[in-house]
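Q:
2 protein chains.
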Amino acid sequence: MTRAAPARATEGAEERLVAIYRVRAEASAIAARAQAIAIEQSVEMPLPAIADARVLAEIVGRVEGIAELGPGLFEVRVALAVATTGSEPGQLMNMLFGNSSIHDDVVLHDVELPAKLTAAFFGPNRGIAGLRKLAGAERRAMTCSALKPQGLPPQALAELARRLALGGLDFIKDDHGLADQAYSPFAERVTACAEAVAAASHATGRLTRYVPSLSGNLDELRRQVALARAAGLEMVLVAPMIIGLPQLRALVAENPALAFMAHPALAGAARIAPPLLLGKLFRLMGADATIFPNHGGRFGYSRETCGKLAEAARRPWDGVRPCLPVPAGGMTPERVPEMLDFYGPDCMLLIGGGLLAAGERLVEETTTFSDRVARHGFR
Amino acid sequence: MTRAAPARATEGAEERLVAIYRVRAEASAIAARAQAIAIEQSVEMPLPAIADARVLAEIVGRVEGIAELGPGLFEVRVALAVATTGSEPGQLMNMLFGNSSIHDDVVLHDVELPAKLTAAFFGPNRGIAGLRKLAGAERRAMTCSALKPQGLPPQALAELARRLALGGLDFIKDDHGLADQAYSPFAERVTACAEAVAAASHATGRLTRYVPSLSGNLDELRRQVALARAAGLEMVLVAPMIIGLPQLRALVAENPALAFMAHPALAGAARIAPPLLLGKLFRLMGADATIFPNHGGRFGYSRETCGKLAEAARRPWDGVRPCLPVPAGGMTPERVPEMLDFYGPDCMLLIGGGLLAAGERLVEETTTFSDRVARHGFR
Numbered sequence: 001m002t003r004a005a006p007a008r009a010t011e012g013a014e015e016r017l018v019a020i021y022r023v024r025a026e027a028s029a030i031a032a033r034a035q036a037i038a039i040e041q042s043v044e045m046p047l048p049a050i051a052d053a054r055v056l057a058e059i060v061g062r063v064e065g066i067a068e069l070g071p072g073l074f075e076v077r078v079a080l081a082v083a084t085t086g087s088e089p090g091q092l093m094n095m096l097f098g099n100s101s102i103h104d105d106v107v108l109h110d111v112e113l114p115a116k117l118t119a120a121f122f123g124p125n126r127g128i129a130g131l132r133k134l135a136g137a138e139r140r141a142m143t144c145s146a147l148k149p150q151g152l153p154p155q156a157l158a159e160l161a162r163r164l165a166l167g168g169l170d171f172i173k174d175d176h177g178l179a180d181q182a183y184s185p186f187a188e189r190v191t192a193c194a195e196a197v198a199a200a201s202h203a204t205g206r207l208t209r210y211v212p213s214l215s216g217n218l219d220e221l222r223r224q225v226a227l228a229r230a231a232g233l234e235m236v237l238v239a240p241m242i243i244g245l246p247q248l249r250a251l252v253a254e255n256p257a258l259a260f261m262a263h264p265a266l267a268g269a270a271r272i273a274p275p276l277l278l279g280k281l282f283r284l285m286g287a288d289a290t291i292f293p294n295h296g297g298r299f300g301y302s303r304e305t306c307g308k309l310a311e312a313a314r315r316p317w318d319g320v321r322p323c324l325p326v327p328a329g330g331m332t333p334e335r336v337p338e339m340l341d342f343y344g345p346d347c348m349l350l351i352g353g354g355l356l357a358a359g360e361r362l363v364e365e366t367t368t369f370s371d372r373v374a375r376h377g378f379r
Numbered sequence: 001m002t003r004a005a006p007a008r009a010t011e012g013a014e015e016r017l018v019a020i021y022r023v024r025a026e027a028s029a030i031a032a033r034a035q036a037i038a039i040e041q042s043v044e045m046p047l048p049a050i051a052d053a054r055v056l057a058e059i060v061g062r063v064e065g066i067a068e069l070g071p072g073l074f075e076v077r078v079a080l081a082v083a084t085t086g087s088e089p090g091q092l093m094n095m096l097f098g099n100s101s102i103h104d105d106v107v108l109h110d111v112e113l114p115a116k117l118t119a120a121f122f123g124p125n126r127g128i129a130g131l132r133k134l135a136g137a138e139r140r141a142m143t144c145s146a147l148k149p150q151g152l153p154p155q156a157l158a159e160l161a162r163r164l165a166l167g168g169l170d171f172i173k174d175d176h177g178l179a180d181q182a183y184s185p186f187a188e189r190v191t192a193c194a195e196a197v198a199a200a201s202h203a204t205g206r207l208t209r210y211v212p213s214l215s216g217n218l219d220e221l222r223r224q225v226a227l228a229r230a231a232g233l234e235m236v237l238v239a240p241m242i243i244g245l246p247q248l249r250a251l252v253a254e255n256p257a258l259a260f261m262a263h264p265a266l267a268g269a270a271r272i273a274p275p276l277l278l279g280k281l282f283r284l285m286g287a288d289a290t291i292f293p294n295h296g297g298r299f300g301y302s303r304e305t306c307g308k309l310a311e312a313a314r315r316p317w318d319g320v321r322p323c324l325p326v327p328a329g330g331m332t333p334e335r336v337p338e339m340l341d342f343y344g345p346d347c348m349l350l351i352g353g354g355l356l357a358a359g360e361r362l363v364e365e366t367t368t369f370s371d372r373v374a375r376h377g378f379r
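Chains as they are written, first to last, in my numbering: chain A, 1 to 379; chain B, 1 to 379.
(1) Note down the Cα distance separating aspartate 180/B from glycine 86/A, rounded to an integer number of angstroms.
(2) Roughly how many angstroms separate the alpha carbons of valine 18/A and alanine 53/A, rounded to a whole number?
(3) Does DSSP classify phenylalanine 384/B as helix, strand or coil?
(4) Measure from the alpha carbon of arginine 189/A to the alpha carbon of each residue in Gly344/A, Leu117/A and Leu152/A, then state which is nearest.
(5) Hey, is methionine 93/B's beta-carbon within less than 7 Å of any beta-carbon in chain A?
(6) List the residues of chain B that methionine 331/A touches, going by C-beta distances under 7 Å, in chain order.
(7) Tell whether a beta-carbon distance below 7 Å holds between threonine 366/A and leucine 355/A.
(8) Could you tell me whether the Cβ of methionine 45/A comes closer than 7 Å to any Cβ of chain B?
(9) Using a Cβ-Cβ cut-off of less than 7 Å, list which residues of the region 73-88 of chain B approach chain A; keep chain order.
(10) With distances taken between CB atoms, is the gap from lysine 173/A to alanine 129/A smaller than 7 Å?
(11) Give the straight-line distance between the Cα atoms of arginine 140/B and leucine 362/B, rounded to the nearest whole angstrom.
(12) Please list the terminal residues of the continuous beta strand (DSSP E) segment that includes arginine 209/B.
(13) Just to confirm the assignment: which complete alpha helix (DSSP H) runs, minimum length 4, are found wholly within the region 211-295 of chain A?
(14) Histidine 176/B: which of Leu56/A, Ala226/A, Leu207/A and Gly98/A sits nearest, CA to CA?
(15) Mapping the DSSP letters down to three states, classify lysine 173/B as helix, strand or coil.
(16) Examine chain A for any beta-carbon lying closer than 7 Å to the beta-carbon of phenylalanine 299/B, and answer yes or no.
(17) Please list, in chain order, all residues of the same chain as glycine 297/B whose beta carbon is under 7 Å from its beta carbon, the five residues on each side excluded.
(18) When you compare only the Cα positions, how much space is there between leucine 276/A and glutamine 247/B?
(19) I'd like the list of long-range same chain contacts for arginine 162/A, defined as Cβ closer than 8 Å, with 5 residues on each side in sequence excluded.
(20) Among Gly352/A, Asp341/A and Gly286/A, which residue has its Cα nearest to the Cα of glycine 127/A?
(21) Can you pull the chain A neighbours of aspartate 371/B, defined as C-beta to C-beta under 8 Å?
(22) Count the other CB atoms within 10 Å of the CB of aspartate 288/A; is the residue buried (16 or more) or exposed (fewer)?
(23) Please confirm if serine 28/B has its CB atom under 7 Å from at least one CB of chain A.
(24) Report the three-state DSSP secondary structure of aspartate 105/B (helix, strand or coil).
(25) Measuring alpha carbon to alpha carbon, tell me which residue in Leu284/B, Ala239/B, Lys308/B and Ile20/B is nearest leucine 92/A.
(26) Starting from the Cα of alanine 67/A, find the closest Cα among Pro274/A, Leu80/A, Glu26/A and Gly90/A and give me that residue.
(27) For proline 325/A and alanine 313/A, which I take to be in contact (beta-carbon distance under 8 Å), what is that distance rounded to the nearest angstrom?
(28) Assuming contact is defined by CB atoms lying nearer than 7 Å, are proline 89/B and glutamate 15/B in contact in what I supplied?
(29) For alanine 7/A and valine 55/A, what's the separation of their Cα atoms in angstroms?
(30) Should serine 42/B go down as buried or exposed, given a rule of 16 or more other Cβ atoms within 10 Å for buried?
(31) Report the start-end ranges of each beta strand (DSSP E) in the region 303-334 of chain A that is 3 residues or longer and not cut off at the edges.
(32) With 7 Å set as the bound, which would you pick, yes or no: does the beta-carbon of alanine 203/B sit closer than that to a beta-carbon of chain A?
(33) Skipping 5 residues on each side, what residues in its chain have a beta carbon closer than 6 Å to that of alanine 262/A?
(34) Which of the three DSSP states is assigned to methionine 339/B in this structure?
(35) Between Lys280/B, Leu349/B and Cys306/B, which has its C-alpha nearest cysteine 323/B's C-alpha?
(36) Where DSSP assigns a beta bridge to glutamine 181/A, which residues make up the other side?
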């Protein structure tokens, strides 16, 4: 007993997370640069000016490793005190990349969190298994499309939703541009679309789910969640980098039955590796599904980045439920077999404009998409 | 009357803001790329698939101009419908740069807002004149330092605050790394520091103001604002890109007597021009003062960027109060004359580590800094 108690106390006080940066520097300068990052991301002041021994021992960031990845490119591992995060999402981001985000020679590449900190955030409410249950899809990949363009009135969006639902999709999400605009207020739009999808779903016998896009501050987000739940909905869409991660975390915690889909708006420019931000961190803060630009579409993510992002979202992780990868962005039904071979069955394919371009043939084209996903033979 | 009424209605429905992007492209490709950005930032789908005439006329983004700035670099002006923003901060960011943030050939350079939209956000509560009143500084530049390192207990931070206040500073802010951590809970820290600064301020006869750093979700931010106000404080620090702009806007609106200082944490990597994000947009959402990395310190902003940022924060703008530029980041008292010559009297100089390095001589060094700023002869 006497031995165990101090050991725990010490362990708790000194517990560290590891932030992994990719840094461009000359070989002769990297040691000093790594040390500067460790200080910038912890005490942010000259070490000789710190008198407190505990701060020097337990709070100052520690360079744990430097590895050369190629000419002028290094991986730097910095151990930061878990206690500095206060187990709060915003403060975690602050510790990982607050000031260093302003230095353009640094990318936040990855992070390793002790299980205790991971548990404090706890991740998705439903996870991939929960989404499979929502969609009634036991083993196959899932499908999704988007309601757009913004500017349409609620009834026109509801009619689109009805036709997409008749095409047998699993999820129909709002375009992330649909907010609470005068020409299509959130309450009217969500009620109309939820009813249209429910009716079509009843007709097809499929469990098609409508996923409204939330926006605004935490008060407004909560009002919108309440409206969505009153309309019988079980999943919502948010852009975590626009609403702020602390708000995502709050919504996930106070709505344990609700599933969350994350949208990458404003997240692309953050010089944080996409597998970390859109895969790992959004999952940690509670995204059950994460939308990202598929390779070969109209965004620049490579095949390798997409693969790593899907892996970060899905791999086993200290009891945090897996998050469903949702590749999107300029996709077409023709690419279904190739995408499913690449991502496997644990994914959701999102095709928006590529379906809506079918015009009068929207239901037929959507049906082709749904069937192609359902019938795909995984190798 | 008959003439005026339809004119207003048309104007209202078609009212536009202008987003200004800097785009890297071949000259032969820029027209198509500009059009693609206009679509990405509005309807996000192929135009032929849009049947609604009103959406095509009023909602689709319009390329208003393309200018070559140099070989392979273009300025693209895109007019976006004001109605799409719903006058909400997050949705405004979404419309300006949501998906395009993922395209690394694009920088959001500037934005021109119609007066009606500017008025909807309304900007700072106090502005530069309000901060001058708080500091009792009629014409001179103002001074600031930071409490750090994080990891110190509340009483040690309060002792630091006391000594900095004895040095005659105008503002003493928390390091942005101070959150609500177990070793220094927000409530204890803020109470202790507020008391220490009030006592020292009484002794010196100067109006030194303590500015605590807020963090967390909107509920937590509100609780911290209440604690700060209960401690008699009139200004707080937030990192808008961490808490999310919608939360900043909510706090500013519901605390009309409170002043806000913005910190650039997590804002540096956003590929949004610093004068726009840290100067114009933070001001629009309510920052009375905005901290940014001064040129020649440990961050990479150029002298030109800093000058433009200060200009964006201060210039006359449709009745929006000006925001005080706060250059910081590796500054020293030696640089005071040069910085004041560059920024003029409407600024606040922030020196953190450069003062704290004085150790036992902290009060003297701080006094030197305060005096140097107070006595500077502006040319």
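Just so you know, even glycine gets a beta-carbon here, dropped at the ideal spot from N, CA and C.
A: On the basis of the supplied data:
(1) As a position in the second sequence, residue 180/B is number 180, starting the count at 1. As a position in the first sequence, residue 86/A is number 86, starting the count at 1. Aspartate 180/B and glycine 86/A have their C-alpha atoms roughly 6 Å apart.
(2) Looking up residue 18/A in the first sequence gives position 18. Looking up residue 53/A in the first sequence gives position 53. Computed Cα separation, rounded: 22 Å.
(3) One cannot answer for residue 384/B here, as it falls past the ends of chain B, which runs 1 to 379.
(4) Counting from one through the first sequence, the residue named residue 189/A turns up at place 189. When each option's Cα is compared against that of arginine 189/A, the closest is Leu152/A.
(5) The residue you call residue 93/B lines up with position 93 of the second sequence. Closer than 7 Å to some Cβ of chain A, the Cβ of methionine 93/B qualifies, so yes.
(6) Position 331 of the first sequence, counting from 1, holds the residue named residue 331/A. Chain B residues near methionine 331/A: none, gap ~12 Å exceeds 7 Å.
(7) The count along the first sequence starts at 1 and reaches residue 366/A at position 366. The count along the first sequence starts at 1 and reaches residue 355/A at position 355. Against a cut-off of 7 Å, the Cβ pair of leucine 355/A and threonine 366/A comes out as a contact.
(8) Residue 45/A sits at position 45 when you count from the first residue of the first sequence. Judged by the 7 Å Cβ criterion, methionine 45/A is in contact with chain B.
(9) Flagged, chain order: Ala83, Thr84, Gly86 and Glu88.
(10) Here residue 173/A is taken as the residue at index 173 of the first sequence, counted from 1. Here residue 129/A is taken as the residue at index 129 of the first sequence, counted from 1. Not closer than 7 Å, so no.
(11) One-based indexing of the second sequence puts residue 140/B at position 140. One-based indexing of the second sequence puts residue 362/B at position 362. Whole-angstrom Cα-Cα distance: 23 Å.
(12) The residue given as residue 209/B occupies position 209 in the second sequence. In this chain, the beta strand (DSSP E) harbouring arginine 209/B covers 209-211.
(13) Listed in chain order, the alpha helix (DSSP H) elements of length 4 or more contained wholly in the region 211-295 of chain A are 218-230, 240-243 and 245-254.
(14) In the second sequence, counting from the first residue as 1, residue 176/B sits at position 176. From the listed residues Leu56/A, Ala226/A, Leu207/A and Gly98/A, the smallest Cα separation to histidine 176/B is found for Gly98/A.
(15) Here residue 173/B refers to the residue found at position 173 when the second sequence is read from its first residue. DSSP, read as helix, strand or coil, puts lysine 173/B in strand.
(16) By 1-based counting over the second sequence, the position of residue 299/B is 299. Phenylalanine 299/B counts as touching chain A.
(17) Start at 1 with the first residue of the second sequence, and residue 297/B comes out as number 297. The residues are Gly329, Gly330 and Met331.
(18) The sequence position of residue 276/A within the first sequence is 276, counting from 1. The sequence position of residue 247/B within the second sequence is 247, counting from 1. Note on geometry: alpha-carbon atoms of leucine 276/A and glutamine 247/B lie some 25 Å from one another.
(19) As a first step, residue 162/A is located in the first sequence; it is residue number 162 there, counting from the start. Once the five neighbours on either side are set aside, the close Cβ partners of arginine 162/A are Ala196, Val197, Ala199 and Ala200.
(20) Locating residue 127/A in the first sequence gives position 127, where the first residue counts as 1. Scanning Gly352/A, Asp341/A and Gly286/A for the CA closest to the CA of glycine 127/A turns up Gly286/A.
(21) Start at 1 with the first residue of the second sequence, and residue 371/B comes out as number 371. Proximity of chain A to aspartate 371/B at the Cβ level (cut-off 8 Å) is not reached, the minimal Cβ distance being about 22 Å.
(22) Start at 1 with the first residue of the first sequence, and residue 288/A comes out as number 288. Its Cβ being crowded by 16 or more others within 10 Å, aspartate 288/A is buried.
(23) Here residue 28/B corresponds to residue number 28 of the second sequence, with the count starting at 1. Output row for serine 28/B: interface = no.
(24) Here the question's residue 105/B lines up with position 105 in the second sequence. Coil, per DSSP.
(25) Start at 1 with the first residue of the first sequence, and residue 92/A comes out as number 92. Residue Ala239/B is the option with its Cα nearest to leucine 92/A.
(26) Within the first sequence, the letter at position 67 stands for residue 67/A. Out of Pro274/A, Leu80/A, Glu26/A and Gly90/A, the CA that lies nearest to the CA of alanine 67/A is found in Glu26/A.
(27) Your numbering for residue 325/A matches position 325 in the first sequence. Your numbering for residue 313/A matches position 313 in the first sequence. The Cβ separation is near 5 Å, so the contact holds.
(28) Mapped onto the second sequence, residue 89/B falls at position 89. Mapped onto the second sequence, residue 15/B falls at position 15. Against a cut-off of 7 Å, the Cβ pair of glutamate 15/B and proline 89/B comes out as no contact.
(29) The sequence position of residue 7/A within the first sequence is 7, counting from 1. The sequence position of residue 55/A within the first sequence is 55, counting from 1. Because the pLDDT at alanine 7/A is just 31, under 50, the model does not fix this residue reliably, and the point stays unresolved.
(30) As a first step, residue 42/B is located in the second sequence; it is residue number 42 there, counting from the start. When all chains shown are included, serine 42/B counts as buried.
(31) The region 303-334 of chain A contains, as complete beta strand (DSSP E) runs of 3+ residues, the segments 324-328 (chain order).
(32) Within the second sequence, numbered from 1, the residue matching residue 203/B stands at position 203. Put simply, the CB of alanine 203/B is far from chain A, with every gap to its CB atoms at 7 Å or more.
(33) As a working mapping, residue 262/A is identified with position 262 in the first sequence. Pro240, Phe282, Ala287 and Thr290, listed in sequence order.
(34) For the purposes of this step, residue 339/B is taken as the residue at position 339 of the second sequence. Methionine 339/B falls in the helix class under three-state DSSP.
(35) Taking the first residue of the second sequence as position 1, residue 323/B is located at position 323. Of Lys280/B, Leu349/B and Cys306/B, the residue nearest in Cα terms is Lys280/B.
(36) As a first step, residue 181/A is located in the first sequence; it is residue number 181 there, counting from the start. The partner list for glutamine 181/A (beta bridge, DSSP) reads Ser184/A.
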